[in-house]
Amino acid sequence: MEKFYKSKNFFLFPLFFFLFLDISFSKTENNNKNNLEIIQKEKKDELFSSFLIKNIFIMGGTKYNRDFISNLSHIYPGDEIFIPSKKIDQAIKKLWKSNLFGKISIYKKNSSSLNSNEIDLFFDLEDLREVDKINVKGTGIIKFFSIEKIKSGDKISENSIQIIKNDIKNYYIKKGYNEISIKSKWSIQNGKNILNIYVDKGKKIEIENILFDGNNYFSKEELLNFMVNIRKKFFVPMLGNSFYFSHENIKEDLKNILRKYQSMGFLDAQVFLDYIWKKNSGNYGIQIKIIEGNQYFLGDINFVGNTFIKTNLLRKIFSYKKGDIYNKIGIHNNIFNSEYESSILSKYLNIGHLFVKIVPIEKRIENNKIHLEIKIEENKPVYINKVNISGNTTTKDHVIRRELTTYPGDLFSPQKIKYSMLRLVDLNLFDNSKIHPLIHQNKENNTIDIEWRIIEKNSNQIKIYGGYGGDEFIGNFKLNFGNFSLSNFLKVKSWNPIPQGDGQKLFLFSKFSKDTKSYGFSFIEPWIEKTSPTSLSFHLNYSKKKIKKSENVFFLPRFFNSDTTVHEGFIDKIEMSLSLNKPLIILDPYSKIRLSMDYEALNYNTKLFSSHNRKLKYTNIKSLISLQRISNDPDFIFPFKGSELKLIGIFTPPYSILFRNTKKFKIYWMEFFKITINTFWYKKIIDNLVIKVGNEFGFLGRYDKTKILFPIQRFHMGGDKNSLSSKIENIDHIPLRGYSSPNRKNTENISTNNGGLIYNKSILEIRYLIKEFSNTSKFWSNIFIEGGNISDSYKKFNPLKMKKSFGIGFRIFLFPIGFFGIDICNPVDRKDFSIKSGWKTNFVIGKD
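Each residue of the sequence shown is one higher than the last, beginning at 265 in this note's numbering.
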């Protein structure tokens, strides 16, 4: 009943006397209600009188008849009721819950002057309006849930309209629009009810002055830095104030300041908003009152009750020492925060003590020193009894179980559960937000059961896209099966709609245009070993491309021992690759080794003259050994810390030694070995600021000095990562921002067209994370200095004599598309200084 009184549109005054038995009142209504007597208590002996309902009448703006209202309220002519009684109360509740009415009133009138116990009931009802459309003006493209959930044809009350207004108002007040005005108006268009909501946001209120009173330990500048919630996300000096006014955000910032004081030992500190005043400009000024109190320090530290973990080890885990500032926040985290690997709780949990109890007790305070006793009730370690999986309808159990590091009989460990979750996420087969490990306790034997609940997602994709470039249309088709099952391929009845469930990956792809055709597929088996995630992959691709006279094809002039112009012809190319990827767990979780065998065959045919064909064929078989260690945290997109180390060796058989007398192997089979080393290091400086340092080195050699090293085998430096993306050859390209790509005829080329035999490169980059849209989408800027050197002579190569450049860039990573970015850079060692400005722009698409 209470909710009726709170709404100004519901008038239940005729029934008030039911609730207030000692108060007597009456009210006379105009407009045909002069003869209606509101239900009331006239005499104390009539409080629980019995009445017979003779007739029921329906009044007001409603389309519903008496029978409908009687069935809805369960009150019928002929019923006997007591006044007051719960039946009337329940009838009103039922009418209200029907969500059909905006106004409900019930009146009574004696139906006969002869029989005072016979009454007529009058239901005065106003129907709720149906809304066909809600128009909101003044909010742009912003959507609100309270509006989105209302569908066309729903009935809407004034209370619901007020909820919408409050929703909009609260949103904009948080943004600093404290003088927002919202009005609503009904209109009828083409017979439809339209609810129009007009939003006048007004001026965005800024804070012009922030004053602090009572602060001694922290300066005003330091306190302002703690106020991160009211600060503008993008602030440009000289273009306004840096703070927006928002009561809610101010409260959060006051909590931030209080936590900072508590972390510095001011346990009794108080921080509150003292007063607010409005400036002539319409903006606000605020004053924050701070009562610092005494600063406390840590006294004696004692551990009580520990047996599994010795006191000496606990003292090492507990990083605070006697005499340190009593950091209340830090001490709490050092003891209880299970997300911190260095906390006491984490240490106990990871050795199976799931039900450990830790109680820090501040024993006494003397001379501003707090003596701390940490009482520990370890309880018995908990073991895993069962590991169950639920929710998978397509993926087979063994695909999930092999990723888990939680096994029956093991000690419970949150660290292993977290690691298992990350591995399940990496499968890309499940909804990441709905992977839940549920813990069920077995009190009878002090064990737990872990139930992994998952929800699968569609891991199959069809991608069809195209573009126009080079006077031709280029189309791409990709078909990705992310949960393929080769073992079910012949079991047609199990297809759904294709063989699925073993976590294998199958990719079918095609590229086509007027002058290019390419077809291929890749297959990956992620686990060929039962106990280790060793993957085996096979790749096959066939391509055919028409070569135009204007194209710069790297290998042709050197193959024909000529620098003559390339003639029109066709290149047919077949590529096959078999590779093995294995984690080196014996070293650490971040190390991997990759072994691969690649086969490549290329045929080139061109008609130089009317009666003469010029043909070329080369074959390449090479082996690859790659060792890598990548430990980026929290992810590869924008690491705050970590490192990358890659050592790659590529080798072909020494045909010139094995087949000395065979001309075919000397001419048509490529022969070389190549070593590259890449290292990168990331370190967080402060907040979202990260430094990146990297070095690269590459070396190309041959077994026989008389053997020619072709341009497609060599290194090519300059430009960005997209410079050679359209080449049919697999060029080993090392980007260097500010300098021209090796396939462009330009005075700023670093590499010759033939490429280099040895190179090195260094980079120093300072990155700042501007915005994190989600765990998989980020936007950042960078300032960089980098340099590189490349040479076709080992003797003339000087690693310190680099071509240097510097500049600024921006990057955005959007999942699943990849990287997009732009760099504005200046080549310090450019050759042509006749141009006043050497600044160049590089674009990054797909890779960073």
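For every residue, glycine included, the Cβ atom is placed at its ideal position computed from N, Cα and C.
Quick check: what's the CA-CA separation for Trp933 versus Ile889? 20 Å
For Asn710, which residues from the same chain have a beta carbon less than 8 Å from its beta carbon, with the 5 sequence-adjacent residues on both sides left out? Lys644, Val646, Tyr647
Name the two residues that bound the continuous beta strand (DSSP E) containing Ile555. 548-555
Spatially closest choice to Arg1001 from Ser606, Thr1105, Tyr340, by CA coordinates: Thr1105
Just how far apart, CA to CA, sit Ile788 and Met528? 55 Å
Figure out for me which residue from Lys553, Gly655, Asp1056 has the closest Cα to the Cα of Asp538. Lys553
So the candidates are Lys1068, Leu973, Pro999; which of them puts its Cα closest to the Cα of Leu1021? Leu973
Cα-Cα separation between Asp1087 and Phe1043, rounded to whole angstroms: 14 Å
Let me know if Ser751 comes out buried or exposed under the rule of 16 or more other beta-carbons within 10 Å of its beta-carbon. exposed
Would you kindly work out how many angstroms separate the C-alpha atoms of Arg717 and Lys698, rounded to a whole number? 8 Å
Output the boundary residues of the alpha helix (DSSP H) element that contains Ile338. Correcting the residue type first, residue 338 is His in the shown sequence and not Ile. Careful: His338 lies outside any alpha helix (DSSP H) and carries neither H nor E.
For Leu686, which of helix, strand or coil comes out of DSSP? helix
Which two residues bound the contiguous beta strand (DSSP E) that contains Leu693? That residue, Leu693, is in no beta strand (DSSP E); it is neither H nor E in DSSP.
Which of the three DSSP states, helix, strand or coil, is assigned to His617? coil
Using the DSSP secondary-structure output, state which residues sit across from Trp716 in a beta bridge. Ile653, Pro701
For Ser990, which residues from the same chain have a beta carbon less than 6 Å from its beta carbon, with the 5 sequence-adjacent residues on both sides left out? Legend: pLDDT at Ser990 = 45, less than 50; position of this residue unreliable, value from coordinates given subsequently. There are no such residues.
Opposing strand residues paired with Asn752 [DSSP bridges]: DSSP output for Asn752 lists no bridge partner at all.
In chain order, what residues of the same chain lie with their CB nearer than 8 Å to the CB of Phe218, ignoring the 5 residues before and after it? Because the chain here runs from 265 to 1112, residue 218 falls outside it and cannot be looked at.
Could you tell me which uninterrupted beta strand (DSSP E) segments, each at least 3 residues in length, are contained entirely in the region 367-405, listed from first to last along the chain? 382-391, 397-401
Who are the near neighbours of Leu772 in its chain, counting only those whose CB is closer than 6 Å to its CB and skipping five residues on each side? Leu743, Phe785
Counting beta carbon pairs with one atom in the region 759-773 and one in the region 654-669, are three or more of them shorter than 8 Å? yes
For His662, which residues does DSSP report across the bridge? In DSSP, His662 forms no bridge with anything.
Leaving aside the five residues before and after Val689 along the sequence, list all residues of the same chain whose C-beta is less than 8 Å from its C-beta, in chain order. Asn696, Ile699
Taking C-beta to C-beta, are Ile411 and Val400 nearer than 8 Å? yes
Work out the CA separation of Lys397 and Leu531 for me, nearest whole Å. 55 Å
For Gly1102, which residues from the same chain have a beta carbon less than 7 Å from its beta carbon, with the 5 sequence-adjacent residues on both sides left out? Asn1090, Pro1091, Arg1094
Burial state of Asn1149, where buried means 16 or more other Cβ atoms lie within 10 Å: The structure shown has nothing for residue 1149, since the chain only spans 265 to 1112.
Here's the rule I'm using: 16 or more other beta-carbon atoms within 10 Å means buried, otherwise exposed. How should Pro672 be labelled? exposed
Grouping DSSP H, G and I as helix and E and B as strand, with all else coil, what is Glu605? coil
Return the CA-CA distance between Asn747 and Asp984, expressed in angstroms with no decimal places. 35 Å
Which residue comes first and which comes last in the beta strand (DSSP E) that contains Arg523? Counting along the chain, Arg523 falls outside any beta strand (DSSP E), though it belongs to the alpha helix (DSSP H) covering 511-527.
Compare the Cα-Cα distances from Ser451 to each of Leu1033, Asn434, Val395, Ser723 and report the closest residue. Val395
Under the three-state DSSP convention, the category Asp1087 falls into: strand
Look at the alpha carbon of Leu702 and the alpha carbon of Asn652, and state the distance between them as a whole number of angstroms. 10 Å
Taking 8 Å as the threshold (beta carbon to beta carbon), is Arg495 in contact with chain D? Note that chain D does not occur in the displayed structure, where there is just one protein chain.
Using 8 Å for Cβ pairs, my map puts Ile420 next to Arg393. What's the rounded Cβ distance? 6 Å
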